[in-house]
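Participant: Before we start, here is the structure in question, set down as structure tokens.
There are 2 protein chains.
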Amino acid sequence: MHAQSSASVLPVSSLSRLFKALADETRLRIVALLAHGELCVCHVQSGLAVSQPTASRALALLRAAGVVEDRRAGTWVYYRLAAQAEPARRRHLQALVRGFAGDAALGREVAALVAQKGPRACK
Amino acid sequence: MHAQSSASVLPVSSLSRLFKALADETRLRIVALLAHGELCVCHVQSGLAVSQPTASRALALLRAAGVVEDRRAGTWVYYRLAAQAEPARRRHLQALVRGFAGDAALGREVAALVAQKGPRACK
DNA sequence: CGCACATATGTAGATATATGCATATGTGGT
DNA sequence: ACCACATATGCATATATCTACATATGTGCG
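Same order as they appear, the protein sequences are chains A and B. Count along the first sequence from 1, add 2, and you get the number used in the numbering used here. Count along the second sequence from 1, add 2, and you get the number used in the numbering used here.
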């Protein structure tokens with residue numbers, strides 16, 4: 003008989019779901035933005051120059067995949083990167099964030115987004 | 003005017019392609035196996051209990067994505083993890099390999115596969 | 001050359017994924 | 001209650017992805 007599937011106890015399916023969530027360019031760029039701080043949908047929308055439904059759906063999918071969490075603040079819904087319980091997932095997301103967070107230009111872009119939209123910018 | 007896309011110079015599209023390659027469970031399990039050493043298609047096929055075309059295609063896609071390299075040895079074609087030039091990609095693949103390589107049961111499974119199939123097992 | 005074996009590829013069909021457009025929901029303020 | 005704004009969702013459509021089955025290619029051997 004042969005060894006058969008398994009790949010042991012490793013969280014293959016959990017990692018697979020994570021990678022699937024990160025595989026889309028729009029969603030990966032959202033993670034890049036969120037590496038610099040929480041944002042609401044309108045920030046993502048204008049930061050990535052995508053339609054509002056696209057931004058909303060991408061964030062919803064990331065939330066379903068456990069990559070982000072959301073928080074409601076009046077009319078706005080803020081999204082932030084979620085803490086990862088699974089060690090392997092945590093390693094990968096941290097690696098991503100480290101890379102993205104080191105990008106100063108991205109940081110300025112995020113700061114500009116927050117400054118020109120959302121609650122802080124409006125009143 | 004608004005900030006617009008970009009996400010700066012970060013290799014978003016390159017990372018996106020990497021994650022797309024790793025998003026499939028079959029392919030991710032192949033990477034897990036290869037973390038323990040090079041294998042040929044028949045090893046993967048019986049190790050994951052998938053059909054020969056499925057194993058071959060999965061490996062071909064991983065090769066196209068730059069995740070693995072291949073080497074022909076007579077009738078057999080050996081696949082191994084490829085070195086990554088891009089730092090971000092290298093970090094992620096190394097993180098994966100570290101996790102998978104630490105799994106002793108997986109290591110034994112791979113050893114068994116190599117022992118019972120392929121050139122070394124046949125003659 | 002012809003056979004046996006390992007691997008690759010063509011094709012088709014089922015299923016998932018992404019996006020645009022319209023519209024619904026939710027919230028705060030007048 | 002109504003309106004304005006931010007966000008979410010329904011629906012249709014285009015496109016990508018995966019798998020199965022059959023078949024082709026390549027390599028070694030007698």
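All C-beta atoms, glycine included, are put in the ideal place defined by N, C-alpha and C. Bear in mind the structure is a predicted one, so any value in this text is a computation, not a measurement.
(1) Suppose contacts are defined by Cβ-Cβ distances below 8 Å. Is ALA97/A in contact with ALA60/B by that definition?
(2) Note down, in chain order, every chain B residue with its Cβ under 7 Å from the Cβ of GLY101/A.
(3) If we ignore side chains and look at the alpha-carbon of each, how far apart do GLY104/B and THR28/B end up?
(4) Three Cβ pairs or more, each shorter than 8 Å: is that satisfied between the region 42-50 of chain A and the region 37-48 of chain B?
(5) Counting only beta-carbon atoms, is LEU17/B nearer than 8 Å to chain A?
(6) Which value, in whole angstroms, describes the spacing of the CA atoms of ALA90/A and GLN86/B?
(7) So which residues on chain B does ASP72/A lean against when the C-beta distance must stay under 9 Å?
(8) Of the residues that make up the region 23-45 of chain B, which ones have a beta carbon closer than 8 Å to any beta carbon in chain A?
(9) Buried or exposed: SER53/A, going by 16 or more other Cβ atoms within 10 Å of its Cβ?
(10) Decide if the region 71-83 of chain B is in contact with the region 74-84 of chain A; the criterion is three or more beta carbon pairs, one per stretch, under 8 Å apart.
(11) Residues of chain A with CB closer than 7 Å to the CB of ALA97/B, please, in chain order.
(12) Taking the DSSP output, what are the residues bridged to ARG82/A?
Facilitator: The short version:
(1) Locating residue 97/A in the first sequence gives position 95, counting from the first residue. Locating residue 60/B in the second sequence gives position 58, counting from the first residue. It is not a contact, given that the beta carbons lie outside the stated cut-off.
(2) Locating residue 101/A in the first sequence gives position 99, counting from the first residue. By Cβ distance, chain B contributes LEU12, ALA90.
(3) As a working note, residue 104/B is residue 102 in the second sequence. As a working note, residue 28/B is residue 26 in the second sequence. Near 20 Å, if we compare the C-alpha coordinates of THR28/B and GLY104/B.
(4) no
(5) As a first step, residue 17/B is located in the second sequence; it is residue number 15 there, counting from the start. Chain A, which has a Cβ nearer than 8 Å to the Cβ of LEU17/B, makes this yes.
(6) Working through the first sequence from its first residue, we reach residue 90/A at position 88. Working through the second sequence from its first residue, we reach residue 86/B at position 84. The alpha-carbon atoms of ALA90/A and GLN86/B are separated by roughly 20 Å.
(7) As a position in the first sequence, residue 72/A is number 70, starting the count at 1. The contacting residues do not exist; ASP72/A stays about 21 Å from chain B at best.
(8) LEU24, ALA25, ASP26, GLU27, LEU30, ARG31, ALA34, LEU35
(9) Residue numbering aside, residue 53/A sits at position 51 when the first sequence is read from its first letter. With fewer than 16 Cβ atoms within 10 Å of its Cβ, SER53/A is classed as exposed.
(10) no
(11) Within the second sequence, residue 97/B is the residue found at index 95, counting from 1. In chain order: ARG93, HIS94, ALA97.
(12) Counting from one through the first sequence, the residue named residue 82/A turns up at place 80. Answer by DSSP bridge pairing, in chain order: GLU71/A.
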